[in-house]
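Chains as they are written, first to last, in our numbering: chain A, 2 to 326; chain B, 1091 to 1447.
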Amino acid sequence: MAVHNIIESVNLALKEEMKRDDRVIVLGEDVGVNGGVFRATIGLLEEFGDNRVIDTPLSENGIVAGALGMAVNGLRPVAEIQFMGFVYYILNHIICHAARLRNRTRGRITAPLVIRVPYGAGIRAPEHHSESTEALFTQIPGIKVVVPSTPKDTKGLLTSAIRDPDTVIFLEPKRIYRAIKEDIPEEEYTIPLGKARMVKEGKDITVICWGAMVRVVETVSEEAEKENIDIEIIDLRTLSPLDKDTIITSVEKTGRALVVHEAPKTCGLGAEIVALINEKALLSLNAPVLRVTGQDIAVPLAKGEDYYIPSVDRILQGLKKIINF
Amino acid sequence: MLIDEYDPLKNKRLQILDENGNVNSELEPKIEKKDLIEIYKYMVLSRIADEKAFALQREGRIGTYPPLKGHEAVQIGSAFAMNKNDWLFPVYRDMGAMLVMGVPLDLIFLYWMGNENGCRFPEGTNVFPIAIPVGSQISLGMGFSWASKLKKEKAVTLISFGDGATSAIDFHDGLNFAGVFKTPTVFLCINNQWAISVPRTKQSASKTLAQKAIGYGFNGIQVDGNDILAVYAVTKEAVDRANKGDGPTLIEAVTYRMGDHTTADDASRYRSEKEIDEWRGKDPIARFKSYLGSKQIWNKNFEKETRKEAEDLVDEAVKKAEAEPPPDIEDFFKYTYAEMPWHIKEELEELKESLKE
């Protein structure tokens, strides 16, 4: 065991998988000599050479199209997009090709690639660097969307993503890249995709969250305890496909639920989760399921982003509305 | 080398066999007699299959279909120049090239009939399924060839696309990355003058499309796309270069789309009969036919036999495609992921249940 933060865990997972499997290739802008703008790929070029750690021209579309072609031709590329604000160029290749190649060739051609994207607000970054548009991807059948929230999960989930036979969008909560350190196993391990993590069991209300919001919700839980509200926290880990069983079992137990996410409320993944609870566990509910999310506005720049990101206070207020219903 | 010599900036366009069947013997590629026959058979087969597809659409037996008439030389000539390990990333109008590369004709019909099974080519067929989003195959195919290079495999990827696709982001990304990483790629731009109703002159102010390669750091060459000898010779050279590690080439094959964009289009809305007539005189099959005549390969009997053989193949393929049972409902669901997730299973069960009522 050794202590690592999330960004180091990304690096460890990449390194181990590159050692284990020659087909794993890392490519993107600044991933080589510079070790990535967040240093996720530091040391990889030196260890694996420039045929496996590739600095590319500055085009997200080209990076993902190239990685996709590599995946079709038997490699296991891991492409890095520097910020979620620049990810939209890749949508055509994801929607029209990566997500449907297996289907349109009836299983003959597949696209096992991983696209790593740092996402989310809270680091006082310039415009277009703070988006959280995961729901654009969770609406696409044929790909998986994964978001870790701890160093240990990061390594295990990224390892699984690289080994997964389908395209995985791996969203990294950059706000907490270096905020959390924990002991993680030195040896390789995987965490299955599609399975949520029970962060904390509780009896009064289920709070469903992911990524950087998990840590905020943990603080909320401590505050709520002072008022005798016992929260059950679910970290989804995989946003597509959703872990229905963990969500529904929990809601059936607590009878109340709150979804917390950074993305805008309208058509955010929270809406899907509320619909799922409605379809599967309506009669267990003692109160409406609410959402505390980013607003339906552009993510404000540095001076305003704290109004946008769900805060401990806003989440607490949401909780109380449900408890006091 | 043709590719070095025929500089598009010097207004050079490679032609070996002209409209009247005259051959430039200095440049004439050496093709064995049996291959010449094979090439002609594929040209005829493509045209007859194309006419059949058009007729089937009009009878409501297949869906929207993009006719290839006029493209026989560029499709057959380029595909014939490829080696066994090479891969084709075709444009949607590429039936002829796909046939040469081993895609069964019945599968092509099946696909246009609206059955995904038509896109599952037999193992060992080095053809990517056609890309409908225009130009997206260019960057994707580049990535595929990049992997061949990284894996140190001797395999070239030929990517075909139209003149309209040169305006797409993927043309830039595909060629730019290919230039930087020196990938073993042949970019075949089938310039047929029209992207639905938009003429070539409105796609780009560039005098030729071939010269765009220069900006990406490699060679481009313009070739008469209705001259199968020229298409074959230049593709072969580009494939050999790529195999030797000399990187990518852009070939601009100048041709004409004789038919509508698709069976849902009406080209008379935007182009004149006069223009089509001019191109009728440059027909790729007629030209190659007279070449074979001069080689004492073609005669009326040969023509009759070749056509009969092609018609039989087409009839058989149509029969086979139409006899294919409708796809199993599960097939629409089960290939979305390697393993079906719970929600898709649930949706499948719901659909099955709804059909029982």
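Beta carbons are placed, not taken as given, at the ideal position from N, Cα and C, and that holds for glycine.
Neighbour list for valine 1270(B) in chain A, Cβ cutoff strictly below 9 Å: The sequence position of residue 1270(B) within the second sequence is 180, counting from 1. Near valine 1270(B) (Cβ distances below 9 Å), the residues of chain A are Thr57, Pro58.
Please give me, in chain order, every unbroken run of the beta strand (DSSP E) with length at least 3 that falls completely inside the segment 190-270 of chain A. 198-201, 206-210, 232-236, 239-241, 258-265
Taking only beta-carbon positions, decide if isoleucine 1152(B) is within less than 9 Å of chain A. Within the second sequence, the letter at position 62 stands for residue 1152(B). Not closer than 9 Å to any Cβ of chain A, the Cβ of isoleucine 1152(B) fails to qualify, so no.
Against chain A: residues of the segment 1206-1218 of chain B by CB proximity under 8 Å: Glu1206, Asn1207, Cys1209, Arg1210, Phe1211, Glu1213, Phe1218
Grouping DSSP H, G and I as helix and E and B as strand, with all else coil, what is aspartate 1097(B)? Within the second sequence, residue 1097(B) is the residue found at index 7, counting from 1. Reduced to three states, the DSSP call for aspartate 1097(B) is coil.
Would you say leucine 15(A) and threonine 42(A) are within 9 Å of each other, going by their C-beta atoms? Within the first sequence, residue 15(A) is the residue found at index 14, counting from 1. Within the first sequence, residue 42(A) is the residue found at index 41, counting from 1. Result yes, Cβ atoms of leucine 15(A) and threonine 42(A) sit closer than 9 Å.
Which residue marks the beginning of the alpha helix (DSSP H) containing serine 1250(B), and which one marks its end? To locate residue 1250(B), count along the second sequence from 1; it is residue 160. From DSSP, serine 1250(B) is part of no alpha helix (DSSP H) but of the beta strand (DSSP E) over 1247-1252.
Going by C-alpha distance, which of Gly67(A), His5(A), Val146(A) is nearest aspartate 1263(B)? If you number the second sequence from 1, residue 1263(B) lands on position 173. Answer by Cα proximity: Gly67(A).
Can you name, in chain order, every residue of its own chain whose Cβ lies under 6 Å from the Cβ of methionine 19(A), other than the five neighbours on each side? Along the first sequence, read from residue 1 onward, the residue named residue 19(A) stands at position 18. For methionine 19(A), where only same-chain residues beyond five positions count, the Cβ hits under 6 Å are Val25, Phe49.
Element boundaries [beta strand (DSSP E), containing alanine 3(A)]: Locating residue 3(A) in the first sequence gives position 2, where the first residue counts as 1. Run containing alanine 3(A): 3-5, per the beta strand (DSSP E) assignment.
As a quick exercise: from Arg164(A), Glu189(A), Arg117(A), pick the residue whose alpha carbon is nearest that of glycine 75(A). To locate residue 75(A), count along the first sequence from 1; it is residue 74. Closest by alpha carbon: Arg164(A).
In the DSSP assignment, find the alpha helix (DSSP H) that holds alanine 72(A) and state where it starts and stops. Looking up residue 72(A) in the first sequence gives position 71. From DSSP, the alpha helix (DSSP H) with alanine 72(A) extends over 61-73.
Do we get a CB-CB distance below 9 Å when we pair serine 1358(B) with the residues of chain A? Here residue 1358(B) refers to the residue found at position 268 when the second sequence is read from its first residue. Taking Cβ atoms only, chain A never reaches closer than 9 Å to serine 1358(B), which makes this a no.
In three-state DSSP terms, what is isoleucine 298(A)? What you label residue 298(A) is simply residue 297 of the first sequence in a count that begins at 1. Coil at isoleucine 298(A), not helix or strand.
Between the CA atoms of glutamate 1095(B) and glycine 33(A) - distance to the nearest angstrom: The sequence position of residue 33(A) within the first sequence is 32, counting from 1. The sequence position of residue 1095(B) within the second sequence is 5, counting from 1. Cα to Cα, the separation comes out at about 38 Å.
Hey, glycine 1460(B) and valine 1181(B) are a contact pair by Cβ (cut 8 Å); roughly how many whole angstroms apart? This structure does not reach residue 1460(B), given that chain B is present from 1091 up to 1447, and the question cannot be answered.
How many whole angstroms separate the CB atoms of alanine 72(A) and proline 113(A), which I take to be in contact at a CB cut-off of 8 Å? Here residue 72(A) corresponds to residue number 71 of the first sequence, with the count starting at 1. Here residue 113(A) corresponds to residue number 112 of the first sequence, with the count starting at 1. 5 Å between Cβ atoms; contact.
Straight-line gap, glycine 70(A) to isoleucine 55(A) (C-alpha atoms, nearest Å): Taking the first residue of the first sequence as position 1, residue 70(A) is located at position 69. Taking the first residue of the first sequence as position 1, residue 55(A) is located at position 54. Cα to Cα, glycine 70(A) sits roughly 15 Å from isoleucine 55(A).
Quick one: using the 10 Å Cβ neighbour count with 16 as the cut-off for buried, is methionine 1203(B) buried or exposed? The sequence position of residue 1203(B) within the second sequence is 113, counting from 1. The residue is buried, with at least 16 neighbouring Cβ atoms inside 10 Å.
Identify the continuous alpha helix (DSSP H) that holds valine 1329(B) and give its terminal residues. As a first step, residue 1329(B) is located in the second sequence; it is residue number 239 there, counting from the start. Its alpha helix (DSSP H) spans residues 1318-1333.
Grab me the residues of arginine 179(A)'s own chain with a C-beta within less than 8 Å of its C-beta, minus the 5 sequence neighbours each way, in chain order. As a position in the first sequence, residue 179(A) is number 178, starting the count at 1. So the list reads Asn6, Ile7, Ile8, once near-sequence residues are dropped.
Which value, in whole angstroms, describes the spacing of the CA atoms of asparagine 1114(B) and serine 161(A)? Here residue 1114(B) corresponds to residue number 24 of the second sequence, with the count starting at 1. Here residue 161(A) corresponds to residue number 160 of the first sequence, with the count starting at 1. The straight-line gap from Cα to Cα measures roughly 60 Å.
Following the continuous beta strand (DSSP E) through aspartate 1314(B), name the residue where it begins and the one where it ends. Here residue 1314(B) is taken as the residue at index 224 of the second sequence, counted from 1. 1309-1314 is the span of the beta strand (DSSP E), which, as asked, contains aspartate 1314(B).
Beta-carbon of threonine 250(A) versus every beta-carbon of chain B: anything under 9 Å? Here residue 250(A) refers to the residue found at position 249 of the first sequence. Judged by the 9 Å Cβ criterion, threonine 250(A) is not in contact with chain B.
Can you check DSSP and say which residues form a bridge with phenylalanine 1144(B)? By one-based count along the second sequence, residue 1144(B) stands at place 54. None; phenylalanine 1144(B) has no bridge partner.
Please classify histidine 1351(B): is it buried, with 16 or more other beta-carbons within 10 angstroms of its beta-carbon, or exposed? In the second sequence, counting from the first residue as 1, residue 1351(B) sits at position 261. Classification of histidine 1351(B): buried, given that the 10 Å Cβ count is 16 or more.
Tell me tryptophan 1432(B)'s beta-bridge partners as DSSP assigns them. Here the question's residue 1432(B) lines up with position 342 in the second sequence. DSSP, once it has assigned bridges, lists no residue as partnering tryptophan 1432(B).
C-beta atoms of alanine 1187(B) and alanine 1169(B) nearer than 9 Å: In the second sequence, counting from the first residue as 1, residue 1187(B) sits at position 97. In the second sequence, counting from the first residue as 1, residue 1169(B) sits at position 79. Yes, these two residues count as a Cβ contact at 9 Å.
Heavy atom of the ligand PLP within 8 Å of aspartate 1317(B) beta-carbon: Among the components of this structure there are no ligands whatsoever, and the ligand PLP is therefore not found.
For the candidate residues Asn1333(B), Glu1437(B), Lys1100(B), Lys1409(B), whose alpha-carbon lies nearest to that of phenylalanine 1422(B)? The sequence position of residue 1422(B) within the second sequence is 332, counting from 1. Among Asn1333(B), Glu1437(B), Lys1100(B), Lys1409(B), the Cα nearest to that of phenylalanine 1422(B) is on Glu1437(B).
Alanine 1400(B) and leucine 1135(B) closer than 9 Å at C-beta: Position 310 of the second sequence, counted from the first residue, corresponds to residue 1400(B). Position 45 of the second sequence, counted from the first residue, corresponds to residue 1135(B). Yes, these two residues count as a Cβ contact at 9 Å.
Mind listing the chain A neighbours of tyrosine 1427(B)? Cutoff is C-beta to C-beta under 7 Å, in chain order. Here residue 1427(B) refers to the residue found at position 337 of the second sequence. Neighbours of tyrosine 1427(B) on chain A, chain order: Gly143, Asp167.
By the DSSP assignment, the alpha helix (DSSP H) with tryptophan 1388(B) in it spans what residues? Translated into positions along the second sequence, residue 1388(B) becomes position 298. From DSSP, tryptophan 1388(B) is part of no alpha helix (DSSP H); its letter is neither H nor E.
Taking DSSP's pairing of strands, which residues face lysine 145(A) in a bridge? Stepping through the first sequence from its first residue, residue 145(A) is reached at position 144. BP columns for lysine 145(A) point to Val169(A).
By Cβ distance, which residues of its chain are closer than 7 Å to arginine 1370(B), with the 5 residues on each side in sequence left out? Against the second sequence, residue 1370(B) aligns to sequence position 280. There are no such residues.
Min CB distance valine 73(A) to chain B below 9 Å: Here residue 73(A) corresponds to residue number 72 of the first sequence, with the count starting at 1. Output row for valine 73(A): interface = yes.
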